[in-house]
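At position 19 of the sequence shown the residue is numbered 37 (this note's numbering), and the sequence of numbers has no breaks.
Where is the CB? At the ideal position from N, CA and C, for every residue including glycine.
Note that the coordinates shown come from a computational prediction; the quantities given were computed from them, not determined experimentally.
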Amino acid sequence: MSSSVYATLVVPQGFQYVEAAIFSIVPLLFWQSYKVGFARRDAKIPYPQPYAEKAEAAASKEAHRFNCLQRAHLNTVEALPIILISTLVVGLRRPILAASLCGLWTFARVLYTIGYSTGEPEKRNTTGGALHYIAQFGLVLSGIYAVVESLWGGW
């Protein structure tokens, strides 16, 4: 007969807010995908072409706007590993901080997408979208602190 070893992960009080904050990213991604899909249709950019070509974007406002929305969506997806890992690591020690920063990041990504969707890329950070940088930087710094604290300070 083999013996099994089980581990139990104990999460701190308030971790449900971390779960909610992380899950708030799901509607953001659906919404961005929806916007990209309609912009693709309006610009008549066929699948699997990921972006309108430079000449297409220069000749068509819809194609340029599609590129902007596609970039906003993919930039969000590119940041997800950093956001998710940092939120979980910080959330194990400071769940309210982690949930607040992740929630701020998600909200700021909505503003970022709205600004970018104008077809004027410089507006992506002028409508409050730049707040995502503060949230992301806060999560990374807090994550570093949490790891150092865990390694040298114990649980």
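- H150 and S21 have their alpha carbons spaced roughly 47 Å apart.
- Pairing A81 with I63 gives a Cβ-Cβ distance under 8 Å.
- If you keep only unbroken alpha helix (DSSP H) runs of at least 4 residues inside the stretch 112-153, you get 113-134.
- Less than 8 Å divides the Cβ of H91 from the Cβ of V54.
- Contact between G133 and T145 holds, with the beta-carbon distance rounding to 4 Å and staying under 8 Å.
- Residue nearest to Y69 within the set R112, F84, V23, A97 is F84 (criterion: CA-CA distance).
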